[in-house]
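Student: Chains as they are written, first to last, in my numbering: chain V, 30 to 450; chain C, 30 to 450.
Glycine residues also receive a C-beta, built at the ideal position from the N, C-alpha and C atoms.
Sharing a structure, written as structure tokens. Questions coming.
Number of protein chains: 2
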Amino acid sequence: MENIKIYKGDIVFTKQTDYFECFKDGYIVVNNNKVYGTYSSLPEEFENLEIIDYSNNLIIPGFVDLHTHAPQFENRGLGLDKELIPWLETYTFIEESKFKDIDYARNVYSSFVEKLKENGTTRAVLFSSIHKEGTKILFDIVHSSGISAFIGKVNMDRNCPDYIKEDTYESLNDTIEIINEYANKYPLVKPIITPRFIPTCSDKMLISLGRIANEHNLKIQSHLSENQGEIDWVSELHPQIKGYANVYNSFGLLKPKNTIMAHCVYSDENEMNILKENGVFVAHCPASNTNLSSGIAPIKDMLNNNLNIGLGSDISAGHEISMTKVMVLAAQLSKIKWIYNNRNSSFLSTSEVFYLATKGGGQFFGKVGSFEKDYEFDALVIDDSNLSKLDLSLEERIQKFIYIGNHTNIKKIYVCGNEIK
Amino acid sequence: MENIKIYKGDIVFTKQTDYFECFKDGYIVVNNNKVYGTYSSLPEEFENLEIIDYSNNLIIPGFVDLHTHAPQFENRGLGLDKELIPWLETYTFIEESKFKDIDYARNVYSSFVEKLKENGTTRAVLFSSIHKEGTKILFDIVHSSGISAFIGKVNMDRNCPDYIKEDTYESLNDTIEIINEYANKYPLVKPIITPRFIPTCSDKMLISLGRIANEHNLKIQSHLSENQGEIDWVSELHPQIKGYANVYNSFGLLKPKNTIMAHCVYSDENEMNILKENGVFVAHCPASNTNLSSGIAPIKDMLNNNLNIGLGSDISAGHEISMTKVMVLAAQLSKIKWIYNNRNSSFLSTSEVFYLATKGGGQFFGKVGSFEKDYEFDALVIDDSNLSKLDLSLEERIQKFIYIGNHTNIKKIYVCGNEIK
Numbered sequence: 030m031e032n033i034k035i036y037k038g039d040i041v042f043t044k045q046t047d048y049f050e051c052f053k054d055g056y057i058v059v060n061n062n063k064v065y066g067t068y069s070s071l072p073e074e075f076e077n078l079e080i081i082d083y084s085n086n087l088i089i090p091g092f093v094d095l096h097t098h099a100p101q102f103e104n105r106g107l108g109l110d111k112e113l114i115p116w117l118e119t120y121t122f123i124e125e126s127k128f129k130d131i132d133y134a135r136n137v138y139s140s141f142v143e144k145l146k147e148n149g150t151t152r153a154v155l156f157s158s159i160h161k162e163g164t165k166i167l168f169d170i171v172h173s174s175g176i177s178a179f180i181g182k183v184n185m186d187r188n189c190p191d192y193i194k195e196d197t198y199e200s201l202n203d204t205i206e207i208i209n210e211y212a213n214k215y216p217l218v219k220p221i222i223t224p225r226f227i228p229t230c231s232d233k234m235l236i237s238l239g240r241i242a243n244e245h246n247l248k249i250q251s252h253l254s255e256n257q258g259e260i261d262w263v264s265e266l267h268p269q270i271k272g273y274a275n276v277y278n279s280f281g282l283l284k285p286k287n288t289i290m291a292h293c294v295y296s297d298e299n300e301m302n303i304l305k306e307n308g309v310f311v312a313h314c315p316a317s318n319t320n321l322s323s324g325i326a327p328i329k330d331m332l333n334n335n336l337n338i339g340l341g342s343d344i345s346a347g348h349e350i351s352m353t354k355v356m357v358l359a360a361q362l363s364k365i366k367w368i369y370n371n372r373n374s375s376f377l378s379t380s381e382v383f384y385l386a387t388k389g390g391g392q393f394f395g396k397v398g399s400f401e402k403d404y405e406f407d408a409l410v411i412d413d414s415n416l417s418k419l420d421l422s423l424e425e426r427i428q429k430f431i432y433i434g435n436h437t438n439i440k441k442i443y444v445c446g447n448e449i450k
Numbered sequence: 030m031e032n033i034k035i036y037k038g039d040i041v042f043t044k045q046t047d048y049f050e051c052f053k054d055g056y057i058v059v060n061n062n063k064v065y066g067t068y069s070s071l072p073e074e075f076e077n078l079e080i081i082d083y084s085n086n087l088i089i090p091g092f093v094d095l096h097t098h099a100p101q102f103e104n105r106g107l108g109l110d111k112e113l114i115p116w117l118e119t120y121t122f123i124e125e126s127k128f129k130d131i132d133y134a135r136n137v138y139s140s141f142v143e144k145l146k147e148n149g150t151t152r153a154v155l156f157s158s159i160h161k162e163g164t165k166i167l168f169d170i171v172h173s174s175g176i177s178a179f180i181g182k183v184n185m186d187r188n189c190p191d192y193i194k195e196d197t198y199e200s201l202n203d204t205i206e207i208i209n210e211y212a213n214k215y216p217l218v219k220p221i222i223t224p225r226f227i228p229t230c231s232d233k234m235l236i237s238l239g240r241i242a243n244e245h246n247l248k249i250q251s252h253l254s255e256n257q258g259e260i261d262w263v264s265e266l267h268p269q270i271k272g273y274a275n276v277y278n279s280f281g282l283l284k285p286k287n288t289i290m291a292h293c294v295y296s297d298e299n300e301m302n303i304l305k306e307n308g309v310f311v312a313h314c315p316a317s318n319t320n321l322s323s324g325i326a327p328i329k330d331m332l333n334n335n336l337n338i339g340l341g342s343d344i345s346a347g348h349e350i351s352m353t354k355v356m357v358l359a360a361q362l363s364k365i366k367w368i369y370n371n372r373n374s375s376f377l378s379t380s381e382v383f384y385l386a387t388k389g390g391g392q393f394f395g396k397v398g399s400f401e402k403d404y405e406f407d408a409l410v411i412d413d414s415n416l417s418k419l420d421l422s423l424e425e426r427i428q429k430f431i432y433i434g435n436h437t438n439i440k441k442i443y444v445c446g447n448e449i450k
């Protein structure tokens, strides 16, 4: 072992969904940026090595935001009395069109990334806008921050206002230019193929993006079954294909284990099966789904059904960039869905929403989001001393942090072994 | 006019539920702590007077928290995978029993009141614990803070653990002692009669509390129809009376226009009519109602039906003390209820939840929660400059503050004309 680091503190993570792994005054041994082991007491072999001592602080995995829109950052909290399509048309497209201006892009993206990092998001999957130069700036800013991310230049060439509609060829060329420039430029920030959603992408666009993803070995992200109006629209646009997910699939855009579909609010059993068969990651975005009156996604059912699931802040339909706030709302909505389902089955517990925001979404990045052996060491050191005067268990302390903590409790941040704060 | 003060800024409030009153670079003229008028341009008669200039800041009414439990403050974020009765028994009663210790009470109540004030709550209706001395300390601390409140020593003499169960006579005597000492001690902090809820109060207790409220001209608060298990329990305890609200009514505890009932999640048409006839204030507690899997109260229907309604943080079943967070969740849950109701009628808009958190709850205190003529001047001065780089209308700025602002944006606080921060 070459490059050992040992961290001491009150360690909490979720190996499985249904309970917290807790090590009071425990140790995480990191070897070459990966977890070598997590222990209640330090094994003899490490006894003479230096210990980075975070005693009395919580050490937890960094948070994973599986779906969010960087260029919508300035729009947080606006237009939330509307539903998806009018919200897009009244607020979102106009704001995104501003990212043609690279100074505006640099300015807003800097604030966005700063907030993301400040709130302990160590991994994020981002939509940029359609703009090539603005997207490149986002790559550079995210890399500088130390966060790990997949970033997608958005593609859209139909059914949207002219000021934000792309020419198909230009859109594809811009996408390839970004891939060529950024696929190997940064170790932790990579491109991802990003058709906005079916209604705004021509068949030619969708087929070509599927091909590019294959040729360049890239992951894919888009939106699925968020809103009934949207679903009906997709069905009108593709009457020959049954089911929204199958439209993506028919264009080669459900790449096994490498695709994120945000929302999946109205995914029925058929659609869930398609998602499961293809190992699609569902990005559950509870704030967005309530703010835009979309609905409550059947996440507990999906979890029981062993689908891949993570959480998304979905800025700006979601207003909260903090993943702890997203976790809380995921638990709350799950309880409401359970009530309306006559309290059959159960709702998402605190450990389950924590799992979704760490290991659940982390799996999209590889071995990320846990302190099990060989996981990349992404960690937050949490000083929770101001959150309670009570004598609490670690399970209770992590609950308290999730419910009433905030970014000011985050003292240190590690991404893939690197201390970035 | 003797004691005129003039405030200038970007004024926003809700006279009615359905839209924001906005005065860009407007003026509020306050005479003897009450609003004399709100203007777009300053009337001639005031032209030579000094102006307190908050230009570019929002000036909005202070927030009203119509239902919260001060001695549960340390429990925020704990036990929220449970429902009401097990949550009470596992966490809440044990924590409240600690308030026998006046040092503990002083310590926790100081933190609680500081947080309440910090978040812009200028009026609150509080449950204390059963403890007389601890309750007196709460009166003193709230008075010192400058906030206005009704504070109730809790009464409970059955169906609860012995360590928190009161002797009926002692409970009533303690209640009367507090009334005698505090009814006229502080101008803005007053006692309120507070039976915990029907299951934990004997008939003798309930009858006596109704009488005390009448004799001493006091307001009343309690809990109603929060959870189905609780409702069934009440019906078993009082089989001769039909409907939970009627149990309170039969003991003289629905005092016209002077009673708050928290929750009312399961209030049907009959119960709503009783609440309306008696001018009962419904304290809607969205965070509590989701955290404990209680349900979604039919607030939009109640509002359409002209009931008196305010919002409550309901610490600690609710985890957020900030009324803006409570507003957001009220809007979100209302959208979910609307979806499950096949999108009939509509959901609570941003102006409606703002109204509930200001004028709606404020009416329990008199003319409070608005900048109309003769309203007591409770105000928050909000520096929202860090919330957006966009050029926004006042309606949009207040939305942004509600959704993404926090206590750090609150620059000044006024309660009944007094600057308290």
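Along the chain, where does the alpha helix (DSSP H) that runs through S200/V open and close?
Tutor: Taking the first residue of the first sequence as position 1, residue 200/V is located at position 171. First-last of the alpha helix (DSSP H) with S200/V: T197 to Y211.
Student: Roughly how many whole angstroms lie between the Cα atoms of V311/V and T204/V?
Tutor: As a working note, residue 311/V is residue 282 in the first sequence. As a working note, residue 204/V is residue 175 in the first sequence. V311/V and T204/V: Cα-Cα distance of roughly 24 Å.
Student: Using three-state DSSP, classify E79/C as helix, strand or coil.
Tutor: Position 50 of the second sequence, counting from 1, holds the residue named residue 79/C. The answer is coil: DSSP assigns E79/C none of H, G, I, E or B.
Student: Could you please give the first and the last residue of the uninterrupted beta strand (DSSP E) stretch that includes D54/V?
Tutor: Taking the first sequence and counting its residues from 1, one reaches residue 54/V at position 25. Element bounds for D54/V: E50 to N60.
Student: Whole alpha helix (DSSP H) runs in the region 370–446 of chain C with 4 or more residues, listed along the chain?
Tutor: Runs found: 379–384 and 423–433.
Student: Pull up the distance between the alpha-carbon of S200/V and that of L113/V, whole angstroms please.
Tutor: Along the first sequence, one-based indexing puts residue 200/V at 171. Along the first sequence, one-based indexing puts residue 113/V at 84. Cα to Cα, S200/V sits roughly 24 Å from L113/V.
Student: Along the region 90–113 of chain V, where does the CB come closer than 9 Å to a CB of chain C? Name the residues.
Tutor: Flagged, chain order: E103, N104, R105, G106, L107, G108, L109 and D110.
Student: So N337/C is in the beta strand (DSSP E); what residue range does that whole segment cover?
Tutor: Within the second sequence, the letter at position 308 stands for residue 337/C. That run of the beta strand (DSSP E) goes N337 to L340.
Student: Please list, in chain order, the residues of the region 414–435 of chain V that have any C-beta partner in chain C closer than 9 Å.
Tutor: Result list: L416, S417, K418, L419, L421, E425, Q428, K429, F430, I431, Y432, I433, G434 and N435.
Student: By the three-class DSSP mapping on this structure, what secondary structure does A326/V have?
Tutor: Within the first sequence, the letter at position 297 stands for residue 326/V. Residue state, collapsed to three classes: coil.
Student: Considering only DSSP beta bridges, list what D132/C is partnered with.
Tutor: Your numbering for residue 132/C matches position 103 in the second sequence. BP columns for D132/C are empty, so no partner.
Student: Would S345/V and F92/V be called neighbours here (beta carbons separated by less than 9 Å)?
Tutor: Along the first sequence, read from residue 1 onward, the residue named residue 345/V stands at position 316. Along the first sequence, read from residue 1 onward, the residue named residue 92/V stands at position 63. No, the Cβ-Cβ distance between S345/V and F92/V is not below 9 Å.
Student: Could you spell out where the alpha helix (DSSP H) holding V294/V opens and where it closes?
Tutor: Taking the first residue of the first sequence as 1, we reach residue 294/V at position 265. Taken as a continuous stretch (DSSP letters only), V294/V belongs to no alpha helix (DSSP H), as it is neither H nor E.
Student: Output yes if chain V places a C-beta closer than 9 Å to the C-beta of Q269/C; else output no.
Tutor: The sequence position of residue 269/C within the second sequence is 240, counting from 1. It does not: the Cβ of Q269/C has no partner Cβ on chain V nearer than 9 Å.
Student: Which residues of chain V have a Cβ atom closer than 7 Å to the Cβ of S378/C, listed in chain order?
Tutor: Looking up residue 378/C in the second sequence gives position 349. Per Cβ cutoff of 7 Å: D110.
Student: Taking DSSP's pairing of strands, which residues face F92/C in a bridge?
Tutor: Along the second sequence, read from residue 1 onward, the residue named residue 92/C stands at position 63. Paired residue(s): T150/C.
Student: Would you kindly check if the distance between the Cβ of L377/C and the Cβ of L423/C is under 9 Å?
Tutor: What you label residue 423/C is simply residue 394 of the second sequence in a count that begins at 1. What you label residue 377/C is simply residue 348 of the second sequence in a count that begins at 1. No, Cβ-Cβ distance for L423/C and L377/C is not below 9 Å.
Student: Helix, strand or coil for N246/V per DSSP?
Tutor: What you label residue 246/V is simply residue 217 of the first sequence in a count that begins at 1. Reduced to three states, the DSSP call for N246/V is coil.
Student: CB-CB under 6 Å to K364/C, same chain, minus the five flanking residues each way: which ones, in chain order?
Tutor: Sequence index remark: in the second sequence, residue 364/C carries index 335 (1-based). Contacts found: F376.
Student: Quick one: list the residues of chain C neighbouring I364/V, beta-carbon separation under 8 Å, in chain order.
Tutor: Sequence index remark: in the first sequence, residue 364/V carries index 335 (1-based). Ile is not the amino acid found at residue 364/V; the sequence shown has Lys there. Residues of chain C passing the Cβ test: T319, N320 and S322.
Student: Quick one: is N299/C buried, meaning 16 or more other Cβ sit within 10 Å of its Cβ, or exposed?
Tutor: Within the second sequence, residue 299/C is the residue found at index 270, counting from 1. Exposed, because fewer than 16 other Cβ atoms sit within 10 Å of the Cβ of N299/C.
Student: When DSSP labels each residue in this structure, what does F168/C get in the three-state scheme?
Tutor: Indexing the second sequence from 1 puts residue 168/C at position 139. Here F168/C sits in helix by DSSP.
Student: Below 8 Å on the Cβ atoms is my contact criterion, and I expect E195/V with S158/V to pass it. Report the Cβ-Cβ distance as a whole number of Å.
Tutor: Mapped onto the first sequence, residue 195/V falls at position 166. Mapped onto the first sequence, residue 158/V falls at position 129. The pair is not a contact, with the Cβ atoms about 11 Å apart (cut-off 8 Å).
Student: Going residue by residue through the region 227–289 of chain C, where are the continuous beta strand (DSSP E) segments of at least 3 residues, counting only ones entirely within it?
Tutor: 249–253, all fully within the region 227–289 of chain C.
Student: Can you pull the chain V residues whose beta carbon is under 8 Å from the beta carbon of I303/C, in chain order?
Tutor: For this step, residue 303/C is matched to residue 274 along the second sequence. Residues of chain V passing the Cβ test: none, with the nearest at roughly 24 Å.
Student: Using a Cβ-Cβ cut-off of less than 7 Å, give me the residues of the region 322–348 of chain V that come near chain C, in sequence order.
Tutor: Taking 7 Å as the Cβ-Cβ cut-off against chain C, the residues of the region 322–348 of chain V that qualify are S322, G324, I325 and H348.
Student: Is the shortest distance between the beta-carbon of V357/C and the beta-carbons of chain V less than 9 Å?
Tutor: Residue 357/C sits at position 328 when you count from the first residue of the second sequence. Judged by the 9 Å Cβ criterion, V357/C is in contact with chain V.
Student: Determine, for Y369/V, whether the minimum Cβ-Cβ distance to residues of chain C falls below 9 Å.
Tutor: Residue mapping note: residue 369/V aligns to position 340 of the first sequence, counting from 1. At least one chain C Cβ lies under 9 Å of Y369/V.
Student: If distances are taken between C-alpha atoms only, which option among L253/V, D297/V and F156/V comes closest to Y277/V?
Tutor: Along the first sequence, read from residue 1 onward, the residue named residue 277/V stands at position 248. Residue L253/V is the option with its Cα nearest to Y277/V.
Student: Compare the C-beta of V137/C against all C-beta atoms of chain V and say whether one is closer than 9 Å.
Tutor: Position 108 of the second sequence, counting from 1, holds the residue named residue 137/C. So, interface residue.
Student: Looking only at C-alpha atoms, which of G347/V, L282/V and I35/V sits nearest to N320/V?
Tutor: Start at 1 with the first residue of the first sequence, and residue 320/V comes out as number 291. Among G347/V, L282/V and I35/V, the Cα nearest to that of N320/V belongs to G347/V.
Student: Ordered along the chain, which non-local residues of its own chain (more than five positions away) have a Cβ less than 7 Å from that of I180/C?
Tutor: Here residue 180/C refers to the residue found at position 151 when the second sequence is read from its first residue. Excluding residues within five positions, the ones whose Cβ falls inside 7 Å are L155, S157, T164, L167, F168, V171, V218, P220 and I221.
Student: Buried or exposed: where does H190/C fall if 16 or more other Cβ atoms within 10 Å of its Cβ makes it buried?
Tutor: Position 161 of the second sequence holds residue 190/C. The question names His, but residue 190/C is Pro in the sequence shown. Burial call: exposed.
Student: Can you tell me the Cβ-Cβ gap for I193/V and F122/V, rounded? I've got them flagged as a contact below 8 Å.
Tutor: Start at 1 with the first residue of the first sequence, and residue 193/V comes out as number 164. Start at 1 with the first residue of the first sequence, and residue 122/V comes out as number 93. Correct: roughly 5 Å between the Cβ atoms.
Student: Report all residues from its chain with a CB closer than 7 Å to the CB of N61/C; omit the five preceding and five following residues, and keep chain order.
Tutor: Here residue 61/C refers to the residue found at position 32 of the second sequence. Contacts found: E31 and N32.
Student: For S140/V, which of helix, strand or coil comes out of DSSP?
Tutor: Locating residue 140/V in the first sequence gives position 111, counting from the first residue. Of the three classes helix, strand and coil, the one that applies to S140/V here is helix, per DSSP.
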